[in-house]
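Peer 1:
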Amino acid sequence: MGIFDKFKTGLGKSSSNLTDGFKNIFSKKKIDSDILEEFEELIISSDAGVDVAKELKKDFESFKIDKNLDDHKEILKLLADKMAINLLKYEKDLSLMGNANSSVIVISGVNGVGKTTTIGKLGKYFKDNNRSVVFGAADTFRAAAIDQLQVWATKVKADIIKSEINSDPASVAYKTAEFAKKNQIDIALIDTAGRLQNKKNLMEEYKKIINVLKKVDEKFPNEVILILDATTGQNAVSQVEEFSKIHNITGLIVTKLDSTAKGGIILAICKKFNLPIIAVGMGEKDSDLHPFKAEYFAKALLGLEA
Ligand SMILES: Nc1nc2c(ncn2[C@@H]2O[C@H](COP(=O)(O)OP(=O)(O)O)[C@@H](O)[C@H]2O)c(=O)[nH]1
Ligand SMILES: [Mg+2]
Numbered sequence: 001m002g003i004f005d006k007f008k009t010g011l012g013k014s015s016s017n018l019t020d021g022f023k024n025i026f027s028k029k030k031i032d033s034d035i036l037e038e039f040e041e042l043i044i045s046s047d048a049g050v051d052v053a054k055e056l057k058k059d060f061e062s063f064k065i066d067k068n069l070d071d072h073k074e075i076l077k078l079l080a081d082k083m084a085i086n087l088l089k090y091e092k093d094l095s096l097m098g099n100a101n102s103s104v105i106v107i108s109g110v111n112g113v114g115k116t117t118t119i120g121k122l123g124k125y126f127k128d129n130n131r132s133v134v135f136g137a138a139d140t141f142r143a144a145a146i147d148q149l150q151v152w153a154t155k156v157k158a159d160i161i162k163s164e165i166n167s168d169p170a171s172v173a174y175k176t177a178e179f180a181k182k183n184q185i186d187i188a189l190i191d192t193a194g195r196l197q198n199k200k201n202l203m204e205e206y207k208k209i210i211n212v213l214k215k216v217d218e219k220f221p222n223e224v225i226l227i228l229d230a231t232t233g234q235n236a237v238s239q240v241e242e243f244s245k246i247h248n249i250t251g252l253i254v255t256k257l258d259s260t261a262k263g264g265i266i267l268a269i270c271k272k273f274n275l276p277i278i279a280v281g282m283g284e285k286d287s288d289l290h291p292f293k294a295e296y297f298a299k300a301l302l303g304l305e306a
């Protein structure tokens, strides 16, 4: 399956929701204010946010009137082009990550968003691109979390640094960075716990992890990537706000796009925060993580072909 088809399949729920709505909208001959409102509401229903919906509504209206178009596909193509142009600056070339000697990447985010799974998938991606990889099991709160990362390490043949349950997460992070530097490992991916029950502790913990990494090398961590679960919708927006108070965020990965009709959340996040989308998760398998491609995303979301 080509990459575009993966976006198409992965965004299937979101695009079928939108496509059904478009069908109804395009069945009306005249575009009056009711139709425009229906269009705006449809976009909002994908969790793209009010600002993006208003912008797209304007585009929709002008394409339809200025170009006097009757062909739905043509209008959707123009909308997709516009969307892709807006999103282009949030693309990041994942294959360039880790070109510096030993890059340390901290993976953060709340419980259950897909941190550990994403680390496994990133490990597979980097290994497939001939990079050496080490995982750091710094979510030391649950034995299962350490085991889960070990399973991924074995699967993708990555090294792993781990310690016993309840040991100090910062110490595991430190050892991982030290191992990467000493052995000239290209990429170290550090898993974290992200339990939001006690925000003060969480903040202290991330600060400690980041500080000890700087002790190994002041350029560490090279990246701190926040993982967002697309199924949580607008909650993802507040998570970016909350975590940016805790630590600097260098990029985002949005997971579980395959499980939601709310894939428009990426539009809302890009509009609101000036952060690159490092990759998107569209399934549970190791091959279900892809670098973010603005054009593919826009076309797939609107139910178009490549
Ligand atoms: N459908 C789907 N499930 C995912 C994706 N990413 C992660 N998951 C699932 O989400 C659940 C939580 O993932 P996990 O990595 O343990 O989250 P963590 O607590 O943040 O480390 C697991 O069942 C994963 O298989 C994705 O892109 N699509
Ligand atoms: Mg985990």
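Each residue of the sequence shown is one higher than the one before, starting from 1 at the first, in our numbering.
Even glycine gets a Cβ: it sits at the ideal position worked out from N, Cα and C.
Keep in mind the model is a prediction, meaning the values are calculated, not measured.
For ligand 2, any of its heavy atoms closer than 6 Å to the Cβ of residue 116?
Peer 2: For the purposes of this step, residue 116 is taken as residue 116 along the sequence shown, with counting starting at 1. Yes.
Peer 1: Tell me whether residue 239 is buried or exposed, calling it buried when 16 or more other Cβ atoms sit within 10 Å of its Cβ.
Peer 2: Working through the sequence shown from its first residue, we reach residue 239 at position 239. Buried, by the Cβ-count rule.
Peer 1: Going by CA-CA distance only, name the one from 166, 20 and 265 that's closest to residue 303.
Peer 2: Indexing the sequence shown from 1 puts residue 303 at position 303. The candidate whose alpha carbon is nearest that of residue 303 is 20.
Peer 1: Looking at residue 109: is its Cβ nearer than 7 Å to the Cβ of residue 115?
Peer 2: Position 109 of the sequence shown, counted from the first residue, corresponds to residue 109. Position 115 of the sequence shown, counted from the first residue, corresponds to residue 115. Yes. Within cutoff.
Peer 1: Which of the three DSSP states is assigned to residue 223 in this structure?
Peer 2: For this step, residue 223 is matched to residue 223 along the sequence shown. Three-state DSSP puts residue 223 in a strand.
Peer 1: When you measure from the CB of residue 255 to every non-hydrogen atom of ligand 1, does any distance come out below 6 Å?
Peer 2: Walking along the sequence shown from the start, residue 255 turns up at place 255. True, at least one ligand heavy atom lies under 6 Å from that Cβ.
Peer 1: To the nearest angstrom, report how far apart residue 161 and residue 136 are at their CA atoms.
Peer 2: Counting from 1 along the sequence shown, the entry for residue 161 is found at position 161. Counting from 1 along the sequence shown, the entry for residue 136 is found at position 136. About 5 Å.
Peer 1: Express the C-alpha separation of residue 105 and residue 186 in angstroms, rounding to a whole number.
Peer 2: To locate residue 186, count along the sequence shown from 1; it is residue 186. To locate residue 105, count along the sequence shown from 1; it is residue 105. Their backbone Cα atoms lie some 11 Å apart in a straight line.
Peer 1: Would residue 49 and residue 268 qualify as a contact pair, given that the criterion is a beta-carbon distance under 7 Å?
Peer 2: Numbered from its first residue, the sequence shown carries residue 49 at position 49. Numbered from its first residue, the sequence shown carries residue 268 at position 268. Yes, the pair counts as a contact, with Cβ atoms nearer than the cut-off.
Peer 1: In whole angstroms, what separates the C-alpha of residue 281 from that of residue 215?
Peer 2: What you label residue 281 is simply residue 281 of the sequence shown in a count that begins at 1. What you label residue 215 is simply residue 215 of the sequence shown in a count that begins at 1. Each residue's Cα considered, the two are about 32 Å apart.
Peer 1: What is the rounded straight-line gap between the Cα of residue 227 and the Cα of residue 113?
Peer 2: Taking the sequence shown and counting its residues from 1, the one referred to as residue 227 is at position 227. Taking the sequence shown and counting its residues from 1, the one referred to as residue 113 is at position 113. Those two C-alpha atoms are separated by around 6 Å.
Peer 1: Mind checking residue 224: buried by the 16 CB within 10 Å criterion, or exposed?
Peer 2: Residue numbering aside, residue 224 sits at position 224 when the sequence shown is read from its first letter. It counts as buried.
Peer 1: CB of residue 137 to nearest heavy atom of ligand 2: below 6 Å?
Peer 2: Taking the first residue of the sequence shown as 1, we reach residue 137 at position 137. Result no, Cβ not under 6 Å from ligand 2.
Peer 1: Would you mind listing the alpha helix (DSSP H) stretches within the stretch 39-123 that are 4+ residues and don't spill past its ends, in chain order?
Peer 2: Counting only runs of 4 or more, we get 50-66 and 72-87.
Peer 1: Residue ranges of each alpha helix (DSSP H) run of no fewer than 4 residues wholly in the stretch 113-187, ordered along the chain?
Peer 2: Entirely contained in the stretch 113-187, the alpha helix (DSSP H) runs reaching 4 residues are, in chain order, 115-128, 143-156 and 169-182.
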